[in-house]
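Have a look at the structure below before the remarks.
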Amino acid sequence: MAQIIDGKAVSADVKAEVAAEAAKLKEENGLKVGLAVVIVGNDPASRVYVNNKKKACEAVGFQSFEYALDESTTQEQLLDLVNVLNRDNRVNGILVQLPLPKHIDEKAVINAISPDKDVDAFHPVNVGKIMIGEYSFLPCTPAGVMRLIESTGFDITGKQCVVIGRSNIVGKPQAMLLLQKNGTVTICHSKTKNLKEICLSADILVVAIGRAKFITGDMIKEGAVVIDVGMDRDENGKLCGDVDFETAEKAAGWITPVPGGVGPMTIAMLMKNTLTAAKQQAGI
Ligand code: GUN
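Numbering (the numbering used here), first residue to last: 1313 to 1596.
So this is what it looks like as C-alpha cells:
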C-alpha cells in the first residue's frame, strides 16, 4: 500500500520558507514583495484561482495588486496595462490569469510580460532558459511536482521517469526538470502506442493528461512514485485526478491524492518565484 504524499504539508513548508525570507527582505532591505494579478472577464474558475493567489500573497507577507478587467477589454488595452506593470517598481511579478477571452491573443500577452517579472515562466525567454538549465523561474506546477518527489527522498538519478502529457505548461517542462535530475525520461501522450507497457516501466510516473482516472493500478510498477497532476470530475461529478487512486495506491510506493496533492503546490511555487523575482530585481 502506497504512502500518501501530502501536498498540503509540503506546500505549507514552502510558504513558510518564503514568508521567512520575505520578512527578512523587508527588515534588512526595506523591500516589500509585490505580485500583480490580472484577470479578464468573469470565468468562475479563474476568479477562484485569483482569489487563492491573493490570499497566498497575504499569508506570506506580499503585496498583491489585482486588475479585474471587463470581458470586453481589447488586446491593446491589456497590452498597455502589461507595459505599465513592467515599469511599476512595486510590482515584482506579473501574472495574467489564463484563459483569456477569445478575441485576445494569449501569446501576444505572454510575450509582452517582461521575462524578469514572468513568474509563471511562460515567456519564450524563460522557456528557453529551462531547456539549457539556466533558469530563474520554473513553471509553478512542474516545480511543485519536483518538490513533492524530493519530499519522498526518492533519488531520481538513473531512474525511469514517464511523463504522460506534453503541454507547454506541464508535460514538456516536467520532462526537462526530470532530465536535469538525471532521470531517463519518456514523454507519452494521447497517441502513444503501448502506453500500459511504458507506464509499467516507470519508477516515477507523472500524469497530466486531463482524463479522469485514466491510469489504473495495473499500469503501475510495484513501488513507483506516482504524481497526479489531473483535476477532473468522475462519473458522479466528484473531483478526482487522472489516476484511479483506489487501484493505484495498491501498487505504488508513493502517491499524491486529488485534492491535496499537486494542487496546493502550484500557488506555493508561484510565491517562491515572486520572491526570486524581487530579489533579482533588487540585485540581492
Ligand atoms: N490558468 C490556469 N493555471 C494557470 C497558471 O498556472 N497561470 C496562469 N497565468 N493562468 C492559469
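Even glycine gets a Cβ: it sits at the ideal position worked out from N, Cα and C.
Rounded to the nearest angstrom, the Cβ distance from V1349 to E1383 is 17 Å, too far for a contact under 8 Å. Nearest neighbour of I1476 by Cα position, chosen from Q1486, T1453, D1432, turns out to be Q1486. Closest in C-alpha terms to G1535, from the list I1481, N1354, E1561, comes E1561.
DSSP places V1322 within a helical segment (H, G or I) once states are collapsed to three. Straight-line measurement puts the Cα of N1506 at about 30 Å from the Cα of C1452. With a cutoff of 8 Å on beta-carbon distance, I1416 and Q1387 are scored as near each other. Counting of Cβ neighbours within 10 angstroms places M1577 among the buried residues, the total reaching 16 or more. In the DSSP annotation of this structure, the continuous segment of the alpha helix (DSSP H) that includes G1575 starts and ends at 1575-1593. When rounded, the separation of the alpha-carbon atoms in G1522 and G1573 is 15 Å. Remark: C-beta atoms of Q1315 and D1428 do not approach each other more closely than 8 Å. Between the alpha carbons of L1582 and V1431 lies a distance of about 6 Å. E1418 has its alpha-carbon roughly 11 Å from the corresponding atom of F1434. The continuous alpha helix (DSSP H) containing F1557 extends over residues 1557-1563.
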